[in-house]
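Residue numbers (my numbering), protein chains in the order written: chain W, 1066 to 1293; chain B, 1188 to 1479. Below is one structure; the comments refer to it alone.
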Ligand SMILES: Nc1ncnc2c1ncn2[C@@H]1O[C@H](COP(=O)(O)OP(=O)(O)OP(=O)(O)O)[C@@H](O)[C@H]1O
Ligand SMILES: [Mg+2]
């Protein structure tokens, strides 16, 4: 599903955010991308939605080298991928259901589909009772769930979540993780960036550890000595 | 397709609404620019029509004093026929003239007194002889100086001068006002792009096509330009209707008459829409790409 071949990203100004990254993620996997702040997690995810192109190396999804996608096809490529950004990015002057409806309309869905599916998403993410609230009136966990719902509108094959438990208490974090696991069991490949050690330790899943732009370990579960 | 249009149009209207005062300024400036353009175009067409009417003949239309009977008119016509270079002399009865005006502007001329004099139309063989014939007619005792002589030759000359003015000064004026209006729309759309940074970001994130992101802004410019054009069209309609009334009532001018009507409104609306979309397109090209 996802392949990185000797991928390096250098930002203007000479910051080497990723260096010689190699990794493969199979269809249907659930993978944590663990690393401290500044280790390059967001950069790696941005490569996967083609917001960035690698300075060197190749990033491939379903066998396709992303740098060969012409600019005008990028939007259609993005519809295969759900992205939950680190800053959540809900529209503050739209209600919860409007945020979803707007994203669906923008992504090319008809009004009919919007009417039919927005309630389904709200129900699935347990947000029905908050559907007429504005984002600022939501708790952190609720905001995160709206962002996840928005990432699901195109039925993505791959879901990328950038620190979705970043500012949440352990209880709420486990709830968010459960939501992502549920999405995963329905067949979507999930890649979740995090620096939340307890969350990673509690679930025996594959963990790719990133340190200053390089992959330092790739294991199932977390080795005891780890202290990211 | 219709579904897409609905989304894009709703976005455009929302952008205009949010941009209230800027949009208002852009619409009005565009209206002024298009009114200038429309006025000049209207004058230009009027001048060309009049020139075509004048043809290439050398003619004078001489006014005869009020109250002169048919004998006097015949006597004056005979006098004219004897002048060197005169090919043909025709009596233009004032009743005929008035009838035409009554037909063309029935509502405004009804009940008024016929303001026209009896006239002689004199055709002259060559341009060099016109001035001599004119001078001779001015000396005739039955000539009415207050109503004067219409000189096709002089009129043509003046109209050509006027055409030159419309061409050059007009082109400058149109360029200037269009640039101003275009700049205002350009800036309005720039502000709209800035105000919708978050929406643009979200749209890109979920895979909105470039067209879906771009078209609301193009439409915003197009709608603003179109509204300006409609305003200008109605303003021009009103102004020319008022002018025509003056022309008909006092027979001040030979050019003009009639209004551009709905054709003018639609034409200026289309022109405004094109101007607006062009300005918006340039703005979008410059600013949309920079939004992340
Ligand atoms: N647009 C940019 N221009 C220059 N440098 C950048 C840019 N974005 C990120 N960087 C740098 O690249 C490195 C990796 O950043 P990145 O955002 O990928 O880290 P991260 O693991 O997501 O961190 P965090 O946990 O704080 O989100 C950092 O040193 C960061 O300062
Ligand atoms: Mg990050």
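Each residue gets a CB set at the ideal place from its N, CA and C atoms; glycine is no exception. Model, not experiment: these values are computed from the prediction.
Residues of its chain near residue i, where Cβ-Cβ distance is below 7 Å and the 5 sequence neighbours each way are ignored
| i | result |
| --- | --- |
| residue 1451 of chain B | 1225, 1420, 1423 and 1424 |
| residue 1498 of chain B | As displayed, chain B neither begins before 1188 nor continues past 1479, which places residue 1498 of chain B out of reach and without an answer. |
| residue 1442 of chain B | Annotation note: pLDDT 47 at residue 1442 of chain B (below 50); position unreliable, coordinate value reported separately. Around residue 1442 of chain B: 1233, 1234 and 1237. |
| residue 1207 of chain B | none |
| residue 1220 of chain B | 1364, 1365, 1367 and 1368 |
| residue 1205 of chain B | 1382 |
| residue 1120 of chain W | 1073, 1074 and 1075 |
| residue 1088 of chain W | 1069, 1273, 1280 and 1283 |
| residue 1083 of chain W | 1072, 1073, 1074, 1105, 1108, 1109 and 1278 |
| residue 1334 of chain B | 1250 and 1304 |
| residue 1346 of chain B | 1234, 1237 and 1238 |
CB-CB length for residue i against residue j, believed under 8 Å
| i | j | result |
| --- | --- | --- |
| residue 1284 of chain W | residue 1265 of chain W | The Cβ separation is near 11 Å, so there is no contact. |
| residue 1311 of chain B | residue 1272 of chain B | 5 Å |
| residue 1225 of chain W | residue 1205 of chain W | Going by Cβ atoms, the distance from residue 1225 of chain W to residue 1205 of chain W rounds to 19 Å, so no, they are not a contact pair. |
| residue 1304 of chain B | residue 1281 of chain B | 6 Å |
| residue 1407 of chain B | residue 1214 of chain B | At roughly 11 Å, the Cβ-Cβ gap does not stay under 8 Å, so residue 1407 of chain B and residue 1214 of chain B are not in contact. |
| residue 1244 of chain W | residue 1198 of chain W | Going by Cβ atoms, the distance from residue 1244 of chain W to residue 1198 of chain W rounds to 18 Å, so no, they are not a contact pair. |
| residue 1275 of chain W | residue 1099 of chain W | 7 Å |
| residue 1240 of chain W | residue 1104 of chain W | Going by Cβ atoms, the distance from residue 1240 of chain W to residue 1104 of chain W rounds to 26 Å, so no, they are not a contact pair. |
| residue 1227 of chain B | residue 1248 of chain B | Residue 1227 of chain B to residue 1248 of chain B, Cβ: 28 Å. No contact. |
| residue 1467 of chain B | residue 1405 of chain B | 5 Å |
| residue 1217 of chain B | residue 1448 of chain B | Wrong, their Cβ atoms sit about 21 Å apart, outside the cutoff. |
| residue 1246 of chain B | residue 1309 of chain B | 6 Å |
| residue 1263 of chain B | residue 1307 of chain B | 6 Å |
| residue 1373 of chain B | residue 1469 of chain B | 6 Å |
| residue 1341 of chain B | residue 1241 of chain B | Wrong, their Cβ atoms sit about 10 Å apart, outside the cutoff. |
| residue 1409 of chain B | residue 1140 of chain W | Not confirmed; about 23 Å, so no contact. |
| residue 1392 of chain B | residue 1148 of chain W | 6 Å |
| residue 1171 of chain W | residue 1390 of chain B | 4 Å |
Run of the alpha helix (DSSP H) containing residue i, from where it starts to where it stops
| i | result |
| --- | --- |
| residue 1348 of chain B | 1339-1382 |
| residue 1082 of chain W | No alpha helix (DSSP H) contains residue 1082 of chain W, which is instead part of the beta strand (DSSP E) from 1081-1090. |
| residue 1107 of chain W | 1106-1113 |
| residue 1188 of chain W | 1176-1189 |
| residue 1289 of chain B | 1281-1291 |
| residue 1151 of chain W | No alpha helix (DSSP H) contains residue 1151 of chain W, which DSSP labels as neither H nor E. |
| residue 1238 of chain W | 1235-1250 |
| residue 1210 of chain W | 1205-1217 |
| residue 1249 of chain B | Looking at the DSSP string, residue 1249 of chain B is not in any alpha helix (DSSP H); the run it does join, the beta strand (DSSP E), is 1245-1251. |
| residue 1318 of chain B | 1317-1326 |
| residue 1139 of chain W | 1139-1143 |
| residue 1450 of chain B | 1448-1474 |
| residue 1255 of chain W | Residue 1255 of chain W -> not in any alpha helix (DSSP H); beta strand (DSSP E) instead, spanning 1254-1259. |
| residue 1262 of chain W | 1262-1267 |
| residue 1166 of chain W | 1161-1171 |
| residue 1268 of chain B | 1257-1268 |
Residue i: first and last residue of the uninterrupted beta strand (DSSP E) it sits in
| i | result |
| --- | --- |
| residue 1241 of chain B | Premise fails: residue 1241 of chain B lies in the alpha helix (DSSP H), 1207-1241, not in any beta strand (DSSP E). |
| residue 1101 of chain W | Run containing residue 1101 of chain W: none; DSSP gives neither H nor E here. |
| residue 1071 of chain W | 1067-1075 |
| residue 1285 of chain W | 1279-1285 |
| residue 1122 of chain W | 1121-1126 |
| residue 1272 of chain W | 1271-1276 |
| residue 1310 of chain B | 1305-1311 |
| residue 1226 of chain W | 1223-1227 |
Cβ shell of residue i (< 6 Å), same chain only, five flanking positions each side left out
| i | result |
| --- | --- |
| residue 1238 of chain W | 1230 and 1264 |
| residue 1297 of chain W | Outside the displayed range of chain W (1066 to 1293) lies residue 1297 of chain W, so it cannot be described from this structure. |
| residue 1223 of chain W | 1146 and 1254 |
| residue 1118 of chain W | 1132 |
| residue 1337 of chain B | 1248 |
| residue 1384 of chain B | 1478 |
| residue 1209 of chain W | 1229 and 1241 |
| residue 1094 of chain W | 1254 |
| residue 1428 of chain B | 1446 |
Own chain partners of residue i with C-beta closer than 8 Å, once the 5 adjacent residues on each side are dropped
| i | result |
| --- | --- |
| residue 1439 of chain B | Low confidence applies to residue 1439 of chain B: its pLDDT is 43, below 50, so where it sits in the model is not reliable, and the reading given next is rough at best. Correct list, in chain order: 1433. |
| residue 1169 of chain W | 1178, 1179, 1182, 1183 and 1218 |
| residue 1331 of chain B | 1250, 1251, 1252, 1253 and 1304 |
Problem set entry | contact_flag[the region 1111-1128 of chain W, the region 1353-1362 of chain B] where n(CB pairs < 8 Å) is 3 or more | By the criterion of at least three beta-carbon pairs nearer than 8 Å, the region 1111-1128 of chain W is not in contact with the region 1353-1362 of chain B.
Exercise. Given 8 Å as the limit, is there contact between the region 1397-1404 of chain B and the region 1151-1161 of chain W, that is, 3 or more CB pairs closer than that?
Worked result: no
Exercise. Below 8 Å, can you find three or more Cβ-Cβ pairs linking the region 1345-1357 of chain B to the region 1193-1210 of chain B?
Worked result: no
Exercise. Is it true that the region 1453-1468 of chain B meets the region 1408-1415 of chain B, where meeting means three or more beta-carbon pairs spaced less than 8 Å apart?
Worked result: yes
For this session: Report yes or no: do the region 1255-1262 of chain W and the region 1172-1191 of chain W share at least 3 C-beta pairs separated by less than 8 Å?
Result: no
For this session: May I ask you to verify whether the region 1315-1323 of chain B touches the region 1255-1262 of chain B, counting CB pairs closer than 8 Å and requiring at least 3?
Result: no
For this session: Could you tell me whether the region 1235-1251 of chain W touches the region 1068-1075 of chain W, using the rule of 3 or more Cβ pairs below 8 Å?
Result: Touching, no, given that fewer than three Cβ pairs across the two stretches are closer than 8 Å.
For this session: Jot down the residue ranges of each uninterrupted alpha helix (DSSP H) in the region 1381-1417 of chain B, minimum 4 residues, whole runs only, in chain order.
Result: 1384-1392
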